[in-house]
Every structure is written in structure tokens, then in C-alpha cells.
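One structure below.
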Amino acid sequence: MTILALDWFLLIEKLILIAVIIFASLGVALYTTFAERKVAAILQDRPGPNRAGPFGLFQPLADGLKLITKEEIIPTHANKWLFILGPGLAMTAALMTCAVVPWGGTIDVMGHKVDLQIADVNIGILYVFAVVSMGVYGVMIGGWASNNKFSLMASLRAASQAISYELAMGLSLIALLMVTGSLSLRTIVEQQVGHVWNIVYQPVGFLIFFICALAECNRTPFDLPEAENELNFGYHQEYSSMKLGFYLFSEYINMFISSTIMATMFFGGYDLPFVTSHLSSPGTAAIVGIVVLMAKVVMFIFLFMWIRWTIPRFRYDQLMDLGWKKMIPLALANMLVTGFIVLLKQNNWHF
Amino acid sequence: MQALTNRAKQVDRAPMTFIEQLYLWNIVKGMAITFMHMFKKQPTIRYPEQKREFSSVFRGLHVLNRDEEGKERCTACGLCAVACPAEAITMEAAERLEGEENLYREEKYAAKYEINMLRCIFCGLCEEACPKDAIYLSETFTPADFNRKNFIYKKTDLLIPNPTTDAQGFAAAKGVKTNEIGLKN
Ligand code: SF4
Ligand code: SF4
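Residue numbers (the numbering used here), protein chains in the order written: chain A, 2 to 352; chain B, 2 to 186.
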């Protein structure tokens with residue numbers, strides 16, 4: 002009986018967490034589109050959307066409504082099921098990543114300890130990697146099923162870009178894992194609470210990770226898969242209505258998630274330096290943690306946008322060049338140096 | 002070859018170093034530039050609330066003029082229609098009857114006077130051609146419409162308010178604030 006009761010509580014707790022996190026991600030993605038337009042506008046000396054509601058705050062709702070009410074078109078010669086599967090896969094993969102992110106510490110609900118994390122998998126980072134690389138299938142399948150040469154070309158680009166940059170990303174992570182010694186995101190954050198953040202140990206690793214994250218999210222300067230001037234509209238050219246919305250949304254969710262991952266791994270997650278480790282009540286600590294994590298995420302998202310509205314798109318050969326000839330050697334060197342120092346430290350600084 | 006100015010600079014064709022090939026420094030410089038733009042003044046005019054001032058010689062929507070006593074000046078001579086390069090003006094003349102002297106200044110007047118605003122190129126030649134100072138182009142533009150038919154402006158749409166009955170409207174249409182005239186309703 003006790004076991005059953007405990008299980009029920011766990012189930013409900015996790016379900017609520019999942020619902021909250023999914024809706025929060027959707028809401029964040031919704032308002033990231035708005036923020037993107039606002040940031041773009043402000044960086045270009047114009048006011049941006051300001052008609053719908055105060056300061057244009059209802060603009061994303063209007064956009065969403067517009068997308069939903071548009072006509073749904075499936076091209077005659079498209080592969081129907083794959084055509085529908087594409088955006089769904091992109092969206093699912095984007096949303097699945099948030100399962101392992103620790104959003105805050107532990108809170109007490111009716112005598113139960115509740116971790117603000119859906120699943121504390123001990124291979125958290127590997128899970129993130131696996132799911133993120135699945136996201137590219139959404140793009141590939143969608144582009145292939147459209148039966149359009151531009152979409153196909155875009156999805157080919159997306160695939161090769163993802164492969165190239167995942168390598169460097171993985172290598173930069175290995176260096177980080179040597180420092181932390183754990184794959185669980187919660188452990189990584191807890192190591193940073195009250196200590197220095199991992200960015201201090203791994204500045205080069207962070208830089209590589211950040212650049213690769215830009216490439217993985219298909220953000221400028223690496224938005225080759227949707228290069229409008231060469232590929233018309235990229236892989237979602239044939240898409241309309243909410244299927245297009247899903248693709249656009251998954252891009253923003255991806256951006257949100259990779260900002261969270263970066264904040265978690267390199268910038269102490271929900272840790273506020275000099276404060277978090279001194280907060281006595283776990284409830285307050287959890288709330289402060291969520292706010293702090295969100296603040297870091299917002300900074301990263303702003304950085305993503307700032308870069309987008311500054312740098313033009315790379316040429317395709319430059320992209321591959323940067324990935325294979327610059328990023329991977331740099332990541333390898335970083336990994337070797339880190340490994341050397343970690344070994345030296347374990348040996349008490351004796352050769 | 003002799004340089005025209007002393008600003009000419011030799012192009013640097015040295016191959017990029019590894020650091021340069023990472024583009025990082027230049028990207029940081031570019032980002033600093035875009036960041037500074039956050040604090041620049043926005044030149045935007047928030048249109049429906051704020052309006053840009055037109056120049057005093059702006060050629061906008063036509064107005065058919067009246068004299069100080071409120072009589073229509075146009076005598077349907079047709080010179081404007083002849084001058085019009087877009088052939089946008091059509092009219093029908095009529096003779097002034099007994100007792101209509103307070104309405105029309107000349108013995109002949111325009112019973113019908115239409116300008117097709119979709120044809121008009123707002124060149125202002127009609128204004129220049131008119132011997133009676135009866136037509137001029139105001140400082141407002143043709144409002145948008147859902148219907149082609151509504152772009153053929155009738156005499157009622159073009160005629161200026163009567164100064165004897167609606168002095169305010171006449172003044173507004175004539176001078177300082179011309180934004181409201183010509184707006185069809
Ligand atoms: S402004 Fe030019 S085009 Fe328009 S009615 Fe007058 S003469 Fe014709
Ligand atoms: S507007 Fe002037 S030019 Fe045209 S018909 Fe009337 S009087 Fe003649």
C-alpha cells in the first residue's frame with residue numbers, strides 16, 4: 002500500500018512537472034519570437050512590433066492565430082506521412098531535451114522532497130546529445146518528403162552541418178567532463194554551487210560549445226539550411242499553417258534549451274554566486290534558483306539574437322572549413338591540455 | 002598611376018592568421034557596433050499618431066475652389082482636361098440659370114466634374130492650366146479604398162466647403178491644416 006501511494010505521488014508530481022515545463026517552454030518560445038523581432042528592431046534603430054496590445058505584447062498570440070488559421074497545404078507529390086512526421090519530430094525532439102535539465106534545487110511539497118527536474122538521468126549530457134541529434138531528422142525528413150529540390154538541398158546541408166559541428170561539440174564536452182567527472186547535469190550544477198563556475202576551467206571549451214550550439218540550432222551565421230537567398234525558404238519551403246509553425250517553434254525551443262544547457266554546464270545553472278549556498282530554506286533557494294537560471298537563459302538568448310542581427314551568413318565551404326579545420330583541432334587541443342592538467346592534479350602536481 | 006586623393010590605401014593581401022580565421026575578433030567588433038545602435042535615436046514616425054509634415058509644394062488630392070462668397074469658380078472650360086497628361090479629368094458643362102448667381106461665379110459651370118484618382122499622376126498640370134484658379138492640389142494624399150469605383154472622385158468629393166456656411170472647413174481646406182480635407186466619408 003505504501004509503495005503504491007508513493008508511486009502515485011511520484012507519478013502526479015512528474016506529470017505536473019512535465020506539463021509545467023512543456024507549457025513554459027512553449028510560452029518561452031512564443032515570446033522568444035517576439036523578443037527576436039524586438040531585438041532585431043532595436044538593433045536596427047526601429048521600434049519593432051508595437052501595435053498589438055501594450056508595447057505589442059500580444060503580437061505572438063496574433064502570429065500564432067494567423068498561423069493556425071492559414072490553409073494547410075500538402076503538396077500532391079509529397080510523401081504525405083513523412084511530410085507530417087517531419088515537423089512533429091522536430092518539435093518532439095526539441096521538447097524532449099528539457100527532461101534532464103535541473104530547473105532548480107529541491108522543494109518540499111506536503112512532506113515530500115520534489116526535485117525540480119523531470120528525470121535525473123546519470124548520463125544526462127549523453128541523453129541531451131542523442132535527442133538533439135534526433136532533431137535534425139525532423140529537418141531531413143521534412144525536406145526530403147517535400148519533393149522539392151531546394152528543400153532537399155537544405156536538408157542535406159542541415160544533416161552535414163549537424164554532423165560536422167556535433168563532433169567539435171562532443172570534443173569540447175569531453176574536456177568539461179574530465180573536469181567535472183560526472184555526466185549527470187544535477188551533479189555538474191551541484192559541483193558549481195558555492196565554487197567557481199566551469200567557465201573558469203573551460204573558457205575555450207565554452208567558446209567551442211557556444212559556436213557549435215549556434216550551428217546546431219541553425220542560427221545565423223550558420224543558418225545555411227534556411228538560406229533564403231539561395232534556397233528560397235530552405236527545408237520548410239512547402240510547409241504552411243501550423244506545420245510551418247512547428248518548425249519555426251522548434252527552432253526557438255532549441256535555442257531556449259541550448260541556452261539552458263550552456264547555463265547549466267558552464268555558468269552554474271541555478272547557482273547565484275555567494276548567495277545560493279547561504280540560503281537556509283530550500284524553498285527560497287529553489288525559487289531564487291529558477292529565477293537565476295531564467296535570467297542566465299535570457300542573457301544567452303539575447304546573445305544568440307545579437308549575433309544573428311550582427312553577422313551575415315557563412316558560405317557553405319566556409320562553414321565546413323570552420324567546422325573541420327578550426328573547431329575540431331581546437332577542441333582536440335583543448336581536450337588534450339585539459340586531460341594533461343587533470344592528470345597532473347590527480348598526481349599532486351608531480352610529473 | 003597617380004592617386005587622385007591621399008586617402009588611397011594599399012589592399013592588405015597577407016594570408017589570414019589562425020586567430021583571424023576564427024573570425025572572433027572581427028565578430029566582437031561587429032557586435033560592439035550593433036550594440037551601440039541600441040542607444041541611437043529611432044527615426045521612426047509612429048504613423049497614425051504622428052504625421053510627417055508635407056512640404057508646402059506637395060501635390061496631393063485635388064480641391065475645387067470657391068471664391069470668398071462661396072461661388073464655385075470653375076467655368077467648365079475644359080483646359081484642365083486638355084492639359085492632363087493622364088486624361089483623368091472628365092466634365093459636363095451646364096448653363097447658369099436665373100437665380101443661381103450665388104452658386105456659380107461664371108455663366109457656365111461644371112454640372113459634373115470627375116477625376117479618376119487611379120489615373121491621375123498628381124503632376125499638377127491641371128492646376129497650372131486653370132485660368133480661373135478653380136482647381137488646386139492640396140497637401141493630402143488619396144486615402145485607400147476597397148473599391149475601384151470609389152476612386153473616381155465626384156464633384157461633391159472635390160468641392161471645398163462653402164466659406165459662408167462652413168468658414169472653418171473652408172479655412173482648414175485652404176490653408177494651414179489641410180490634412181482633413183478630401184477625406185471621403
Ligand atoms: S494632377 Fe496631372 S494627372 Fe492629375 S488630374 Fe491634374 S493634370 Fe491630370
Ligand atoms: S477647373 Fe479650371 S481649367 Fe478645369 S474646367 Fe474648371 S475652370 Fe477650366
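Backbone N, C-alpha and C fix where the C-beta goes; we use that ideal spot for every residue, glycine too.
Everything numeric in this text was worked out from a predicted model, so none of it was measured.
Residue i to residue j, Cα distance in whole Å?
i      : j      : result
B:L62  : B:T166 : 23 Å
A:I200 : A:V140 : 32 Å
B:N148 : B:A89  : 17 Å
B:V177 : B:E70  : Residue confidence for B:V177 is low, a pLDDT of 45 falling below 50, so the modelled location carries little weight and cannot support an answer.
B:L65  : B:K155 : 11 Å
A:W353 : A:Y253 : A query on residue 353 of chain A cannot be resolved here, the shown segment of chain A reaching from 2 to 352 and no further.
A:T93  : A:I124 : 20 Å
A:T33  : A:S251 : 11 Å
A:L11  : A:E239 : 43 Å
A:V343 : A:M328 : 22 Å
A:R38  : A:P50  : 7 Å
B:Y208 : B:L119 : Shown here, chain B extends from 2 to 186; a query on residue 208 of chain B therefore has no answer.
A:L68  : A:G246 : 6 Å
A:F268 : A:A160 : 29 Å
B:I122 : B:A87  : 7 Å
A:V190 : A:V197 : 11 Å
A:Y248 : A:S147 : 14 Å
B:C131 : B:F142 : 21 Å
A:I175 : A:I119 : 24 Å
A:T261 : A:M300 : 10 Å
B:I153 : B:A82  : 15 Å
A:G290 : A:V122 : 20 Å
B:L184 : B:N163 : The pLDDT assigned to B:L184 is 43, lower than 50, so where the model puts this residue is not dependable, and the model offers no usable value.
B:G125 : B:C85  : 8 Å
A:D224 : A:A334 : 27 Å
B:E73  : B:K133 : 10 Å
B:E107 : B:G79  : 14 Å
A:I17  : A:A286 : 20 Å
A:V102 : A:L186 : 7 Å
A:A25  : A:L96  : 11 Å
B:Q51  : B:K150 : 30 Å
B:Q43  : A:L27  : 32 Å
Taking residue i as the query, report the chain B residues whose CB atoms sit under 9 Å from its CB, ordered along the chain.
i     : result
A:I43 : H38, M39 and Q43
For a cutoff of 8 Å on Cβ pairs, would you count residue i as touching chain A?
i      : result
B:G170 : no
B:G71  : no
B:M32  : yes
B:T18  : no
B:T143 : no
Determine the chain A residues that contact residue i at a beta-carbon separation under 9 Å, and present them in chain order.
i     : result
B:I28 : P222, I308, T311 and I312
Does residue i have its Cβ less than 8 Å from a Cβ in chain B?
i      : result
A:D64  : no
A:L344 : no
Could you list which residues in chain B have their beta carbon closer than 7 Å to that of residue i, in chain order?
i     : result
A:D46 : H38, K41, Q43 and P44
Output, in chain order, the set of chain A residues within a Cβ distance shorter than 7 Å of residue i.
i     : result
B:T35 : L44, W307, W310 and T311
Taking 7 Å as the cut-off, is the beta-carbon of residue i closer than that to any non-hydrogen atom of ligand 3?
i      : result
B:G125 : This structure simply doesn't include ligand 3; it includes ligand 1 and ligand 2 instead.
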